[in-house]
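S.K.: Okay, handing you the structure first.
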Amino acid sequence: MISVRSRTWVKKIVCVATVLFCIFPLTAYRTYAAQYDPRSDSCVYFSVKDERKRIALSFDDGPLEGKTDKILDVLDRYGVKATFFMVGSQAKYCPETAMRVAAEGHEIGNHTQNHKNLAAMKPKELDEEIANAEREIYNACGYIPSLFRPPEGVCTEKISNAAKLRGYSIVMWSVDTLDWQGKAASVIAENVLSNVKSGSVILMHDGIFSVSHTAEALDIIIPKLLEEGYEFVTVGELIAYSPE
Ligand SMILES: [Zn+2]
Numbered sequence: 004m005i006s007v008r009s010r011t012w013v014k015k016i017v018c019v020a021t022v023l024f025c026i027f028p029l030t031a032y033r034t035y036a037a038q039y040d041p042r043s044d045s046c047v048y049f050s051v052k053d054e055r056k057r058i059a060l061s062f063d064d065g066p067l068e069g070k071t072d073k074i075l076d077v078l079d080r081y082g083v084k085a086t087f088f089m090v091g092s093q094a095k096y097c098p099e100t101a102m103r104v105a106a107e108g109h110e111i112g113n114h115t116q117n118h119k120n121l122a123a124m125k126p127k128e129l130d131e132e133i134a135n136a137e138r139e140i141y142n143a144c145g146y147i148p149s150l151f152r153p154p155e156g157v158c159t160e161k162i163s164n165a166a167k168l169r170g171y172s173i174v175m176w177s178v179d180t181l182d183w184q185g186k187a188a189s190v191i192a193e194n195v196l197s198n199v200k201s202g203s204v205i206l207m208h209d210g211i212f213s214v215s216h217t218a219e220a221l222d223i224i225i226p227k228l229l230e231e232g233y234e235f236v237t238v239g240e241l242i243a244y245s246p247e
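Count along the sequence shown from 1, then add 3; that gives the number in the working numbering.
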């Protein structure tokens, strides 16, 4: 016969087991629901479903006198417009170059004020990184960006919400050239030519302080893709035609 003391313990164990049984699935669901996937966010673009062979070149981390100019020279030679995601402090440092980008009809996006790790920032600091860049870009070349690209491609829910609150669409990429690693022009070009498809957003860099072969690579990539029937548009034009 089970004693009163034993029955009390059995009751306690049953209660704890019941609570755990109820809470565990709930916790698991909450963890699942809290996970943010930027690829499921309709305000974040990696590429666009567009079968018309339209693609967009994008350049990060500038403007940088000399490096940006070499890229602009190549784009101008082929009559191609691109999107430059500028860092606010760079726009302040190289206003003439920022002005040239705007004057030649290219699109300008916001790539934060100081290119820091946004994920580690408090909301106010994060908002300032976006707002200050917007102000510096406007001061340098009179352009008000509507596209935002987070540094290093780190797009958490907090970061995307901060950009959305400022009215931005967030742009990532679907083809990474790794040009910032100083790769040879032929390697960068092959990386693009073997991975590009209709609707691609191609990531390159004009704000590379070390050796860069981005401009020479463009001189291979652009004529080859024009020959294949691709049309180069800005990121804004590409996402404006998104069926979604
Ligand atoms: Zn960057």
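Idealized CB from N, CA, C, for every residue including glycine.
(1) Output the distance between the C-alpha atoms of tyrosine 2 and methionine 102, rounded to the nearest integer angstrom.
(2) Output the distance between the C-alpha atoms of lysine 209 and tyrosine 39, rounded to the nearest integer angstrom.
(3) Exposed or buried, which one is arginine 1 when buried takes at least 16 other CB atoms within 10 Å?
(4) Looking at leucine 221 and isoleucine 111, is the spacing between their C-beta atoms short of 8 Å?
(5) Distance check for lysine 95 and isoleucine 223, CA to CA, integer angstroms please.
(6) DSSP puts valine 174 in a beta bridge; with which residues?
(7) Using CA atoms only, rank isn't needed, just tell me which of Asn164, Ser213, Lys186 and Ala122 is closest to glycine 65.
(8) Would you mind listing the alpha helix (DSSP H) stretches within the stretch 125-154 that are 4+ residues and don't spill past its ends, in chain order?
(9) Taking a contact to mean a Cβ-Cβ separation below 8 Å, would you say arginine 219 touches alanine 243 in this structure?
(10) Going by the CB atoms, is the gap between leucine 150 and threonine 86 shorter than 8 Å?
(11) Give me the DSSP bridge partner(s) of asparagine 113.
(12) With DSSP as the reference, label alanine 59 as helix, strand or coil.
(13) Report all residues for which the CB-ligand distance to some heavy atom of ligand 1 is below 6 Å; order them along the chain.
(14) Indicate the three-state DSSP secondary structure (helix, strand or coil) for leucine 181 in the structure shown.
(15) Assuming glutamate 54 is part of the alpha helix (DSSP H), what are its boundary residues?
(16) Which word fits glycine 108, buried or exposed, when buried means at least 16 other C-beta atoms lie within 10 angstroms of its C-beta?
(17) Using the Cα positions of cysteine 46 and leucine 168, report the straight-line distance between them to the nearest angstrom.
(18) Quick check on this structure: which residue in Asn120, Asn113, Arg57 and Val174 has the alpha carbon closest to the alpha carbon of glycine 91?
(19) Here's a check: name, in chain order, each residue in its chain whose Cβ is nearer than 7 Å to the Cβ of glutamate 160, leaving out the five neighbours to either side.
M.R.: Taking the geometry as given:
(1) Past the edges of the chain, shown from 4 to 247, lies residue 2, and the structure says nothing about it.
(2) It is worth fixing the name first, because residue 209 is aspartate in this sequence and not lysine. C-alpha separation (whole angstroms): 30 Å.
(3) The first residue shown for the chain is 4 and the last is 247, placing residue 1 beyond what the model contains.
(4) Contact: no.
(5) Cα to Cα, the separation comes out at about 32 Å.
(6) Partner(s): Tyr48.
(7) When only C-alpha atoms are compared, the closest one is Ser213.
(8) With a minimum length of 4 residues, the continuous alpha helix (DSSP H) runs that stay inside the stretch 125-154 are 126-144.
(9) Note that residue 219 corresponds to glutamate in the displayed sequence, not to arginine. Their beta carbons are not under 8 Å apart, which means glutamate 219 does not touch alanine 243 by this criterion.
(10) Yes. Within cutoff.
(11) Met89 and Phe151.
(12) Strand.
(13) Chain order is used for the residues whose beta-carbon lies nearer than 6 Å to a heavy atom of ligand 1, namely Asp63, Asp64, His114, His118 and Pro154.
(14) Assignment of leucine 181 by DSSP, reduced to helix, strand and coil, places it in the coil class.
(15) Following the DSSP letters along the chain, one finds glutamate 54 in no alpha helix (DSSP H), marked with neither H nor E.
(16) Label assigned to glycine 108: exposed.
(17) About 12 Å.
(18) Ranking Asn120, Asn113, Arg57 and Val174 by Cα distance to glycine 91 puts Asn113 first.
(19) Counting only Cβ-Cβ distances below 7 Å, and skipping sequence neighbours, we find Tyr39.
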